[in-house]
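Numbering (the numbering used here), first residue to last: 42 to 658.
Given below as structure tokens:
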């Protein structure tokens with residue numbers, strides 16, 4: 042049997058000679074459709090939208106603390122290496138996939154319908170992310186309002202807090218007062234920490250007795266956040282593109298202002314040196330590389346469907362290579378600048394309180410944004426209110442950029458499935474539903490829930506889904522075909538660096554991270570407080586909902602292949618659908634002819650030859 046005859050036998054039900062049967066004429070074509078009216082106003086809107094999406098809250102508080110925990114300056118080395126072999130390749134892959142297909146993330150997986158559950162799981166993870174991101178925006182807005190007070194409310198102790206509050210002074214470093222102050226810091230809590238826990242969160246010690254009643258001040262702030270998110274989404278991509286000019290630029294203006302202020306503070310350079318001082322032994326610690334992979338992964342917002350959605354509004358022939366370099370570089374620079382600011386003001390805080398080193402004044406996670414930063418800003422001698430307003434306004438703007446991207450992804454997926462639904466109705470429904478769900482984070486036990494959802498519903502499942510995405514594109518669809526699609530779209534041949542990363546290095550490293558995560562998996566805690574059994578059961582249910590999308594959609598795709606039996610059903614379900622290709626009519630027809638010529642040149646090969654050809658062919 043010839044290679045061509047064998048090829049025809051293995052074609053999916055809807056293919057004939059490598060061409061969709063439907064594609065006989067333009068009038069009969071289901072694959073060829075008109076490009077949606079929604080597109081970016083210009084190339085700059087796409088660039089700034091991706092910057093505002095990728096440069097988010099994690100850059101401001103997560104990177105500095107993770108870097109500090111994992112060897113300071115030595116962490117930057119694996120971070121940059123991981124950026125080059127995971128962050129940038131995956132970012133490029135998703136942008137190309139979205140631009141080529143012109144569809145939302147689920148429809149984009151028409152290239153490998155058997156793996157479409159990966160995209161469905163990513164949308165669910167994005168839905169979980171947008172709920173707790175909006176809750177962080179509510180906290181930020183609450184602090185922003187408080188920043189307009191004549192005296193910053195977290196700068197002094199209150200009577201109702203009792204003796205647990207640390208009454209700090211601005212005495213000079215190394216004085217006898219500072220010696221006792223250091224000792225007090227070990228047993229007492231700062232005014233900023235108590236303000237965050239007792240006045241903002243009203244946080245309880247555990248959730249064994251329930252979550253408590255929502256804080257209605259925070260609920261009001263949450264409502265404002267969702268009104269803004271919904272307002273931008275209702276106007277569609279053109280509105281979010283215009284908003285991106287502000288969302289992408291303003292945070293950098295504030296970062297530069299804060300950086301200039303931070304480096305001029307007494308003790309700031311000690312903090313910055315502490316941040317960058319390398320601990321070379323940490324380079325051999327697998328935990329450092331694990332931290333670098335997870336930081337790059339979540340900092341760039343890859344494998345959540347949002348990048349595919351944004352790229353789907355691009356002009357089909359746009360060369361996005363320079364955009365990828367600019368965006369990933371800006372993201373890394375933002376993280377490093379944030380690190381300098383963080384440890385500059387924490388160095389100043391350590392100097393004023395007489396702490397032995399910066400480590401003793403660092404709070405991780407949300408504590409860095411809502412305790413350490415405010416505590417340090419409150420000690421500024423020159424209009425601390427202005428710097429507090431700038432800082433929390435910047436955090437709020439960063440939150441808008443990220444949540445609008447997540448919301449756009451969800452709305453686009455629904456519109457791809459139910460085209461007749463108007464954009465305003467979907468955006469309004471998402472805002473109302475998102476607000477209702479997010480209220481749970483506004484309770485005294487809300488931070489426990491946030492930590493639970495972040496791990497089980499987002500971080501853990503997203504890592505598995507990301508590996509699945511890379512295997513789907515790299516080996517089921519094939520690196521070779523993907524690169525041929527890039528050449529058809531923008532006329533560029535893909536270099537060996539991208540091919541090896543997509544096919545081997547990137548999925549291999551992420552699989553290693555997943556294995557390490559499973560081996561090192563311990564019961565989840567929040568502030569060293571264990572969760573009740575029902576909370577863990579809820580968390581595993583969240584993970585299961587996301588991960589079961591993979592076998593569920595796979596079975597659905599296989600069952601749809603009614604004209605095949607056995608293994609041929611699986612092969613057919615793993616092949617692109619009849620409507621896979623560019624959305625534009627003319628480009629679609631050109632692509633069909635292009636694929637026909639390439640498929641007819643396919644030669645019979647062994648499995649090893651096919652694997653080698655997939656990467657190097």
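Positions of the beta carbon are idealized from the N, C-alpha and C atoms, including for glycine. Just so it is clear, the structure is predicted and the values come from calculations on it, not from any experiment.
Using only alpha-carbon positions, find the residue among 349, 625 and 293 that is nearest to residue 446.
Position 405 of the chain shown holds residue 446. For residue 446, the nearest C-alpha among the options comes from 349.
Using the DSSP secondary-structure output, state which residues sit across from residue 570 in a beta bridge.
In the chain shown, the residue the question calls residue 570 occupies position 529. Paired residues: 567.
Close-in-space but distant-in-sequence residues of the same chain around residue 317 (CB under 7 Å, 5 per side omitted):
Against the chain shown, residue 317 aligns to sequence position 276. So the list reads 113 and 114, once near-sequence residues are dropped.
Hey, could you find the ends of the alpha helix (DSSP H) residue 173 is sitting in?
Position 132 of the chain shown, counting from 1, holds the residue named residue 173. 157-187 is the extent of the alpha helix (DSSP H) around residue 173.
Report yes or no: do three or more beta-carbon pairs, one from the segment 303-323 and one from the segment 450-468, lie closer than 8 Å?
no
Out of 650, 648 and 88, which has the shortest C-alpha to C-alpha gap to residue 356?
In the chain shown, counting from the first residue as 1, residue 356 sits at position 315. The residue with the shortest Cα to Cα distance from residue 356 is 88.
How long is the line joining the alpha carbons of residue 277 and residue 283, rounded to whole angstroms?
Sequence index remark: in the chain shown, residue 277 carries index 236 (1-based). Sequence index remark: in the chain shown, residue 283 carries index 242 (1-based). If I take the Cα positions, the gap works out to 10 Å.
Let me know if residue 254 comes out buried or exposed under the rule of 16 or more other beta-carbons within 10 Å of its beta-carbon.
Reading the chain shown from its first residue, position 213 is the one you call residue 254. Exposed.
Under three-state DSSP, which class holds residue 206?
Position 165 of the chain shown holds residue 206. Strand, per DSSP.
For residue 653, the first and last residue of its enclosing alpha helix (DSSP H)
Position 612 of the chain shown, counted from the first residue, corresponds to residue 653. Looking at the DSSP string, the run of the alpha helix (DSSP H) that includes residue 653 is 648-657.
Continuous alpha helix (DSSP H) stretch holding residue 260: start and end:
Walking along the chain shown from the start, residue 260 turns up at place 219. First-last of the alpha helix (DSSP H) with residue 260: 257-275.
So, helix, strand or coil for residue 145, using DSSP?
Counting from one through the chain shown, the residue named residue 145 turns up at place 104. Residue 145: coil per DSSP, three-state reduction.
Can you tell me which residues form a DSSP beta bridge with residue 113?
In the chain shown, residue 113 corresponds to position 72, counting from 1. BP columns for residue 113 point to 319.
Take the Cβ of residue 416 as the centre, count every other Cβ of all protein chains shown within 10 Å, and call the residue buried at 16 or more, exposed below.
Within the chain shown, numbered from 1, the residue matching residue 416 stands at position 375. Classification of residue 416: buried, given that the 10 Å Cβ count is 16 or more.
Does the Cβ of residue 655 have 16 or more other Cβ atoms within 10 Å, making it buried, or fewer, making it exposed?
Position 614 of the chain shown, counting from 1, holds the residue named residue 655. Flag for residue 655 reads buried.
Between the C-alpha atoms of residue 63 and residue 249, what's the straight-line distance to the nearest angstrom?
Sequence index remark: in the chain shown, residue 63 carries index 22 (1-based). Sequence index remark: in the chain shown, residue 249 carries index 208 (1-based). Any reading at residue 63 needs caution, since the residue's pLDDT is 39, under 50, leaving its predicted position unreliable; the model's value is listed next. Their backbone Cα atoms lie some 59 Å apart in a straight line.
Are the beta-carbon atoms belonging to residue 266 and residue 178 less than 8 Å from one another?
In the chain shown, residue 266 corresponds to position 225, counting from 1. In the chain shown, residue 178 corresponds to position 137, counting from 1. Closer than 8 Å, so yes.
Separation of residue 617 from residue 150, as counted between CA atoms:
In the chain shown, counting from the first residue as 1, residue 150 sits at position 109. In the chain shown, counting from the first residue as 1, residue 617 sits at position 576. In a straight line, the C-alpha of residue 150 is about 8 Å away from that of residue 617.
Within 10 angstroms of the Cβ of residue 428, are there 16 or more other Cβ atoms? Answer buried if so, exposed if not.
The sequence position of residue 428 within the chain shown is 387, counting from 1. Classification for residue 428: buried.
Burial state of residue 364 (16 or more Cβ within 10 Å):
By 1-based counting over the chain shown, the position of residue 364 is 323. Buried: at least 16 other Cβ atoms inside 10 Å.
So what does residue 230 bridge to, in DSSP terms?
Reading the chain shown from its first residue, position 189 is the one you call residue 230. Looking at the DSSP assignment, residue 230 forms a beta bridge with 206.
Span of the alpha helix (DSSP H) holding residue 293?
Here residue 293 refers to the residue found at position 252 when the chain shown is read from its first residue. Run containing residue 293: 278-304, per the alpha helix (DSSP H) assignment.
Close-in-space but distant-in-sequence residues of the same chain around residue 479 (CB under 7 Å, 5 per side omitted):
Numbered from 1 along the chain shown, position 438 holds the residue referred to as residue 479. If we look at residue 479 and ignore the five residues flanking it on each side, its Cβ neighbours are 172, 175, 176 and 263.
DSSP three-state label for residue 354, please.
Here residue 354 is taken as the residue at index 313 of the chain shown, counted from 1. DSSP places residue 354 in coil when its eight states are reduced to three.
Could I get the ranges of all uninterrupted beta strand (DSSP E) runs contained in the segment 415-459, with 3 residues as the minimum, in chain order?
none
Residue 510 and residue 344 closer than 8 Å at C-beta
As a first step, residue 510 is located in the chain shown; it is residue number 469 there, counting from the start. As a first step, residue 344 is located in the chain shown; it is residue number 303 there, counting from the start. Yes.
Under a three-way DSSP split, which group does residue 524 fall into?
Counted from its first residue, the chain shown places residue 524 at position 483. Of the three classes helix, strand and coil, the one that applies to residue 524 here is helix, per DSSP.
Among 392, 493 and 531, the one whose alpha carbon lies nearest that of residue 358:
Numbered from 1 along the chain shown, position 317 holds the residue referred to as residue 358. Here the closest residue by C-alpha is 531.
What residue does the alpha helix (DSSP H) around residue 635 start on, and which one ends it?
Here residue 635 refers to the residue found at position 594 of the chain shown. Residue 635 -> alpha helix (DSSP H) spans 626-641.
Consult DSSP for residue 198 and reduce its assignment to one of helix, strand or coil.
Residue numbering aside, residue 198 sits at position 157 when the chain shown is read from its first letter. Coil.
Is the distance from the Cβ of residue 193 to the Cβ of residue 425 below 8 Å?
As a first step, residue 193 must be located in the chain shown, where it is residue number 152. As a first step, residue 425 must be located in the chain shown, where it is residue number 384. Contact flag set, yes.
Start and end of the alpha helix (DSSP H) containing residue 469?
Working through the chain shown from its first residue, we reach residue 469 at position 428. Element bounds for residue 469: 464-479.
Does DSSP put residue 547 in a helix, a strand or coil?
The count along the chain shown starts at 1 and reaches residue 547 at position 506. Helix at residue 547.
Could you give the residue range of the alpha helix (DSSP H) that holds residue 333?
Along the chain shown, one-based indexing puts residue 333 at 292. Here the alpha helix (DSSP H) through residue 333 covers 327-340.
Work out the CA separation of residue 597 and residue 544 for me, nearest whole Å.
Within the chain shown, residue 544 is the residue found at index 503, counting from 1. Within the chain shown, residue 597 is the residue found at index 556, counting from 1. Going by the C-alpha atoms only, they are around 27 Å apart.
List the whole-angstrom C-beta distance separating residue 443 from residue 94, where the pair is believed to meet the contact cut-off of C-beta under 8 Å.
Your numbering for residue 443 matches position 402 in the chain shown. Your numbering for residue 94 matches position 53 in the chain shown. 6 Å between Cβ atoms; contact.
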